[in-house]
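Report on one structure; see the data block that follows.
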């Protein structure tokens with residue numbers, strides 16, 4: 077499979093895949109958050125097979141005291157019918173390369189505690205576990 081990982085020409089073309097990842101969000105909440113996140117620096121890399129987007133990685137570049145300049149991956153999904161073909165690995169590699177080009181010190185992401193297959197996937201790509209993430213909801217979605 078010949079893949080090209082690059083920002084999508086139309087970011088909204090990635091929404092159908094992002095909906096599969098964020099199934100708990102109503103469509104209107106997802107659309108509002110997507111627009112707000114883009115205004116705040118959220119960007120996409122999409123894996124294109126021809127004209128079809130088969131995987132999406134959403135990220136933001138920010139600065140923190142501990143990690144320095146960081147490319148933080150918020151979202152990573154590959155079309156279920158396309159999994160096992162190296163698409164996720166290609167997206168992680170493209171994000172790593174983009175982070176290096178942007179002068180980042182680290183690439184980071186969070187993954188749900190029950191996502192054991194995802195954890196193995198990340199570890200096979202040289203990532204290591206470094207912390208737990210704790211959440212305090214401040215309002216209902």
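In this note's numbering, the protein residues as written are 77 to 217.
Just so it is clear, CB atoms sit at the ideal spot from N, CA and C, and this is done for glycine as well.
ask   = Three-state secondary structure (DSSP) at residue 134?
value = In the chain shown, residue 134 corresponds to position 58, counting from 1. Strand.
request  = Would you list, in sequence order, the uninterrupted beta strand (DSSP E) runs of no fewer than 3 residues that lie entirely inside the stretch 161-198?
outcome  = 182-185
message = Once the 5 residues before and after residue 194 are set aside, which same chain residues still bring their CB inside 7 Å of it?
response = Start at 1 with the first residue of the chain shown, and residue 194 comes out as number 118. Cβ neighbours of residue 194 beyond the five flanking positions: 187.
query = For residue 120, which option in 147, 157, 162 and 160 has the closest C-alpha, if you only look at C-alpha atoms?
reply = What you label residue 120 is simply residue 44 of the chain shown in a count that begins at 1. Nearest to residue 120 by alpha-carbon distance, out of 147, 157, 162 and 160, is 147.
Cβ contact (3+ pairs, closer than 8 Å) linking the stretch 104-112 and the stretch 146-164 = no
Close Cβ partners of residue 139 (< 8 Å) along its chain, the five nearest in sequence each way excluded = For this step, residue 139 is matched to residue 63 along the chain shown. Answer for residue 139: 145 and 146, listed in chain order.
Sequence-distant residues of the same chain with beta carbon closer than 6 Å to residue 158, five excluded per side = Along the chain shown, read from residue 1 onward, the residue named residue 158 stands at position 82. The answer, listed in chain order, is 130.
ask   = In chain order, what residues of the same chain lie with their CB nearer than 8 Å to the CB of residue 178, ignoring the 5 residues before and after it?
value = The count along the chain shown starts at 1 and reaches residue 178 at position 102. Excluding positions up to five away in sequence, the list reads 137, 145 and 147.
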